[in-house]
Amino acid sequence: MSSVLDIAKKLNKAYKNDKLALQADVIPSYQRLACNDLGADFPLYGGIPYGRIITVSGKEHSGKTTGACVFLAAYQRANPERTCVFVDVEHALDKEFQSAMTGIDLTRLIYINPEGMSGEQIMDAILEMQDADDIGMIVLDSIAALVSSRDYDSDMEKDNGMSGGIAKPLAKFIRKMLDTLSSKNNILLLINQVRQVGTTFTGAAIYDEPGGHSPKFYASVKLRFGSRTFTNGDKVDVRDGENADGFRLTFGTTKNKTASTQRGGGFMTFRYDTGLDWAFDLLEVAIKYEFISRPNNMTYVLINLETGEPYVDTQGNILKFVGKQKLRDYLQENVAFQTEYLAMLNRHIQANANSYGSLLDARALANIKAEERSVEKEDDDKDPEIDA
């Protein structure tokens, strides 16, 4: 009689896939893409996973595209030998602004502006690009802008109804992408919109996302972006953007199949003149959770969380800074130490499962979760191919 292990080996051989059936204890842990902004990496336990589908949604002007470009730029830095793709179905990407804010390298980015193409043709083009040996991260902006061939090719007077729409071909596309993302170890990031579709009897808004249910079912990580605020120096909750020096994006982690969602949500801070302010976000998170030692209110000591010992300089002196600005300057100017310190922090937040709580305040996180619940409340009983 054959054992289960014998049958598993036979299946691996038959389907020419030695990773098809494995003993659970040899399955590797998830490789994560860190954007090196602790405000975003912390709630994601070190970043978004490679080889998976990520969805980013939110209302208009919530920063979905900018947030996606932060991860795109991170992928480029981590994988210089690969070419990334941005599919701009909305024809609205401000390449110069995104390059300045997020650091994406436009010379290593294929920009697809699909004019005169149906949603099915756009998805076929992405699948063809996925066949390339050097394919990197792919961003589709956005699901809501995809138009099915049935609607695209019909007269304006013809009413095709709402049945199916783009949802069925999108579900087929996503399943095909899932088969290859893992083997190519790249990432598909889908941007989607949020639309108010009604209100409850109490007056609370009900929201939904276009494109059917497959993006929600098959995504490994879902991020819901909330309202952006403006910044002015250390103030990050400024509502008036007239004299602002930048802006802050916030998001909730509403689904994560590769880590816990107990850390709630996070943020990314940008300055108009310098772009992503990772040092500002790092210090806000590190001080909040005591990753940095503070002997008094003005002194900051950098600690290696893996050894518990303070970092020292080349002369053996403890790295101690009087004033937050001096610490920020040191982190930004000393690239070698910056790289080592960020890598240490990333390993720590992946390995440490402590329930730190969310970086977002309770009100902001509650608003994001309320929107998400209105989208998700009936999904469990629905076919992922059927449009909402």
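Heads up, our numbering is the position in the sequence shown plus 761, with the first residue counted as 1. The beta-carbon is built from N, C-alpha and C at its ideal position, and this holds for glycine as well.
Nonlocal neighbours in the same chain, by C-beta distance under 6 Å from residue i, ignoring five residues either side
i: G808; result: R793, L794, A795 and D802
i: S924; result: At S924 the pLDDT is 49, less than 50, meaning the model places this residue with poor confidence; the figure from the coordinates comes in the next sentence. Closer than 6 Å at Cβ, skipping near neighbours: no residue.
i: L1092; result: A1040 and Q1099
i: S943; result: G812
i: T1019; result: Y791, P810 and S981
i: P930; result: E881
Own chain, CB closer than 8 Å to residue i, minus 5 neighbours either side, in chain order
i: E876; result: H852
i: D1006; result: T992, N993, G994, R1032, Y1033 and D1034
i: I788; result: Here I788 scores only 49 on pLDDT, less than 50, and its place in the model should not be relied on; the value that follows carries that caveat. Nothing listed; no residue qualifies.
i: A1047; result: L799, I1053 and L1106
i: D895; result: E842, R843 and T844
Rounded C-alpha distance that separates residue i from residue j
i: Q1076; j: W1039; result: 28 Å
i: L901; j: V848; result: 5 Å
i: Y1117; j: G1036; result: 28 Å
i: P804; j: L1120; result: 8 Å
i: L766; j: K777; result: 16 Å
i: K996; j: Q1086; result: 15 Å
i: A775; j: K945; result: 21 Å
i: F858; j: N1128; result: 28 Å
i: R1024; j: T826; result: 23 Å
i: Y1102; j: G1084; result: 19 Å
i: L854; j: C830; result: 10 Å
i: N1004; j: T863; result: 22 Å
i: T1015; j: R1009; result: 19 Å
i: L867; j: M890; result: 18 Å
i: T844; j: T960; result: 44 Å
i: R747; j: P971; result: This structure leaves residue 747 out entirely; the chain is present only between 762 and 1149.
i: L1063; j: N874; result: 46 Å
i: I815; j: N1078; result: 44 Å
i: N1058; j: E1051; result: 13 Å
i: D940; j: A928; result: 19 Å
i: D885; j: M938; result: 11 Å
i: G824; j: E1067; result: 34 Å
i: R869; j: P1056; result: 45 Å
i: L1088; j: H822; result: 33 Å
i: S975; j: G828; result: 22 Å
i: N1065; j: T1022; result: 26 Å
i: K856; j: T1060; result: 40 Å
i: I883; j: G897; result: 17 Å
i: A839; j: Y968; result: 36 Å
i: S818; j: F962; result: 25 Å
i: E1139; j: L984; result: Only weak support exists for where E1139 lies, its pLDDT of 48 falling under 50; the value from the coordinates is given anyway. Those two C-alpha atoms are separated by around 19 Å.
i: A1027; j: G1013; result: Before going further, note that residue 1027 is Gly rather than Ala in the sequence given. If you take the alpha carbons of G1027 and G1013, they lie about 7 Å apart.
i: V999; j: T990; result: 6 Å
i: T861; j: A1097; result: Reading off the sequence, residue 861 comes out as Ala, not Thr. Spanning the two alpha carbons is a distance of roughly 23 Å.
i: M1029; j: D1042; result: 7 Å
Residues bridged to residue i [DSSP beta-bridge criterion]
i: Y791; result: In DSSP, Y791 forms no bridge with anything.
i: Y1102; result: In the DSSP output, where bridge partners are listed per residue, Y1102 has none listed.
i: F1052; result: In the DSSP output, where bridge partners are listed per residue, F1052 has none listed.
i: V850; result: Paired residues: none, contrary to the question.
i: N1057; result: T1060
i: L907; result: For L907, which the question treats as bridged, DSSP gives no partner whatsoever.
i: E1177; result: Missing from the structure shown is residue 1177; the chain here goes from 762 to 1149 and no further.
i: V1073; result: I1079
i: T844; result: I896
i: G717; result: Here the chain has residues from 762 to 1149 only, and residue 717 is not among them.
i: I809; result: L794
N- and C-terminal bounds of the alpha helix (DSSP H) containing residue i
i: A966; result: No alpha helix (DSSP H) contains A966, which is instead part of the beta strand (DSSP E) from A966 to D969.
i: Y1117; result: Looking at the DSSP string, Y1117 is not in any alpha helix (DSSP H), and its letter there is neither H nor E.
i: F1008; result: Run containing F1008: none in the alpha helix (DSSP H); it sits in the beta strand (DSSP E), G1007 to N1017.
i: V900; result: Not the alpha helix (DSSP H): V900 falls in the beta strand (DSSP E), residues I896 to D902.
i: A769; result: V765 to A775
i: L799; result: L799 to D802
Enclosing beta strand (DSSP E) for residue i [first to last residue]
i: K996; result: K996 to V999
i: K1081; result: K1081 to V1083
i: V831; result: Note, V831: premise wrong, no beta strand (DSSP E); alpha helix (DSSP H) at K825 to A839.
i: V817; result: I814 to G819
i: D1034; result: Here D1034 belongs to no beta strand (DSSP E), and DSSP marks it neither H nor E.
Contacts around residue i, its chain only, beta-carbon distance under 7 Å, and the 5 residues preceding and following it disregarded
i: A1125; result: G987 and T1011
i: Y913; result: S879
i: K820; result: V955
i: V1073; result: I1079 and L1080
i: S903; result: V850, E851, I952, N953 and Q954
i: A905; result: N953, Q954, P971 and G972
i: A782; result: A769, L772 and N773
*Along the chain, which unbroken stretches of the beta strand (DSSP E) at least 3 residues long are found entirely within the segment 853 to 894?*
Listed in chain order, the complete beta strand (DSSP E) runs (minimum 3 residues) inside the segment 853 to 894 are 870 to 873.
*Within the segment 940 to 993, ranges of the beta strand (DSSP E) (whole runs, at least 3 residues)*: If we require 3 residues or more, the beta strand (DSSP E) runs fully inside the segment 940 to 993 come out as 949 to 954, 956 to 960, 966 to 969, 982 to 986 and 990 to 993.
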